[in-house]
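Read through the structure below, which is laid out as C-alpha cells, and then see the notes.
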Amino acid sequence: GDSVTQMEGPVTLSEEAFLTINCTYTATGYPSLFWYVQYPGEGLQLLLKATKADDKGSNKGFEATYRKETTSFHLEKGSVQVSDSAVYFCALSSNTGGFKTIFGAGTRLFVKA
Amino acid sequence: NAGVTQTPKFRVLKTGQSMTLLCAQDMNHEYMYWYRQDPGMGLRLIHYSVGEGTTAKGEVPDGYNVSRLKKQNFLLGLESAAPSQTSVYFCASSYRDRSYEQYFGPGTRLTVT
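Chains as they are written, first to last, in this note's numbering: chain A, 1360 to 1472; chain B, 43 to 155.
Next up, the structure:
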C-alpha cells in the first residue's frame, strides 16, 4: 500500500541555519504530496503542496519539489527561525486509494536562538 | 469562524469506562475524519465520514464507533476504554473536492489507566 517515510528527529538547528527534512514515498498512480506543520499544543496545518511531478510547493520561506524519479519531496528552508520549531509531517493523497491522506511519522524541529 | 473545535481537551479514563469525543466544524465541509497520533507513528485514520449520516472505517477502527447525525458534528465513541487507546485524538474536516487540504482541531489528550 501507499506509504510515506521521513527522517527521524529531532532535528536541532541554530537560528539562520539551512533546513532539510527528507521525505520519500511509495504510491501507485500519481499522488499529490504535502507538508503539514504542527506547532506545540495545536493541530496540524497545511504548509505546502505539489500535485504533479516537478511542481514546487512553497510557503513562509519553505519549499519542496515533487521528484517522481526519486519518489521524494524534501522540505527545505534557507534560514530557520526560533518560531519554526514544530513537528513537520510529510503526507500523500493518492487517487487510487480514494481520497484518504497518508501521513509520515513526523519530524520534530528545534531551533535555538 | 471557530474552524474545527474538539471537546474535551483532556480526559483520564479507567479501563472499561466509556466516553464520547465531540468534533464540530463551522466551514460547511462535507468530509470529516478522526485520527489518533502516537509517538513515532504519525497520524492514523480511525473513521471518516463523507456526509451527514454516512461513516466508514479507516486504518485502525477497532474499539471505536462514530456518528455523524449533523453535517457540522462528528462524534467518536469509546465503549470500553483500554490502555492501548491512550493517545492524542485529532478531528479534521475538508471540502469534498479538496479532500487533501484538511483542517485540524487542537486535539484531545486521552489517558486510559
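Note that CB positions come from ideal geometry on N, CA and C, so glycine has one too.
Within 7 Å, strictly: CB atoms of residue i and residue j
{"i": "His71(B)", "j": "Ser122(B)", "result": "no"}
{"i": "Thr1364(A)", "j": "Thr1383(A)", "result": "yes"}
{"i": "Val46(B)", "j": "Gly147(B)", "result": "yes"}
{"i": "Tyr77(B)", "j": "Leu87(B)", "result": "yes"}
{"i": "Gly1368(A)", "j": "Thr1466(A)", "result": "yes"}
Residue from the options with nearest C-alpha to residue i
{"i": "Ile1380(A)", "options": "Thr1410(A), Ala1386(A), Lys1427(A) and Val1370(A)", "result": "Val1370(A)"}
{"i": "Phe1462(A)", "options": "Cys65(B), Gln59(B), Leu85(B) and Leu55(B)", "result": "Leu85(B)"}
{"i": "Phe52(B)", "options": "Trp76(B), Arg138(B), Ser129(B) and Gly82(B)", "result": "Ser129(B)"}
{"i": "Ser91(B)", "options": "Met83(B), Asp80(B), Pro81(B) and Pro103(B)", "result": "Pro103(B)"}
{"i": "Gly1437(A)", "options": "Leu1403(A), Phe1377(A) and Thr1466(A)", "result": "Phe1377(A)"}
{"i": "Lys99(B)", "options": "Asn115(B), Gln114(B), Tyr75(B) and Leu63(B)", "result": "Tyr75(B)"}
{"i": "Gly1400(A)", "options": "Asp139(B), Gln48(B), Arg138(B) and Asn115(B)", "result": "Gln48(B)"}
Proximal residues to residue i (C-beta, below 6 Å), its chain only, five neighbours per side dropped
{"i": "Lys1427(A)", "result": "Ala1412"}
{"i": "Ala44(B)", "result": "Asp68"}
{"i": "Gln59(B)", "result": "Ala123"}
{"i": "Gly82(B)", "result": "none"}
{"i": "Asn107(B)", "result": "Gly119"}
{"i": "Thr153(B)", "result": "Val54 and Thr128"}
{"i": "Asn1418(A)", "result": "Leu1406 and Leu1407"}
Cβ separation of residue i and residue j, assumed to be a contact under 8 Å, to the nearest whole Å
{"i": "Ala134(B)", "j": "Tyr142(B)", "result": "Not confirmed; about 11 Å, so no contact."}
{"i": "Leu1451(A)", "j": "Ser1391(A)", "result": "7 Å"}
Other residues of its chain near residue i: CB distance less than 8 Å, five sequence neighbours each side excluded
{"i": "Val1441(A)", "result": "Glu1374, Val1470, Lys1471 and Ala1472"}
{"i": "Lys1415(A)", "result": "Ala1409, Glu1422, Ala1423, Thr1424 and Tyr1425"}
{"i": "Thr1460(A)", "result": "Phe1393, Ala1450, Leu1451 and Ser1452"}
{"i": "Thr97(B)", "result": "His89, Tyr90, Ser91, Val108, Ser109 and Arg110"}
Cβ-based neighbour list, residue i, same chain, cut-off 7 Å, excluding 5 preceding and 5 following
{"i": "Gly1456(A)", "result": "Only weak support exists for where Gly1456(A) lies, its pLDDT of 49 falling under 50; the value from the coordinates is given anyway. Same-chain partners within the cutoff: Asp1361."}
{"i": "Gly105(B)", "result": "Leu120, Ala124 and Gln127"}
{"i": "Lys112(B)", "result": "Glu94"}
{"i": "Pro50(B)", "result": "Thr150"}
Short CB-CB distance (under 7 Å) between residue i and chain E
{"i": "Leu111(B)", "result": "Protein chains in the displayed structure are A and B, and chain E is not among them."}
Determine contact between the segment 1392-1412 of chain A and the segment 1437-1446 of chain A, defined as no fewer than three beta-carbon pairs at a distance below 8 Å. Note that the segment 1392-1412 of chain A touches the segment 1437-1446 of chain A; at least 3 beta-carbon pairs, one per stretch, sit closer than 8 Å.
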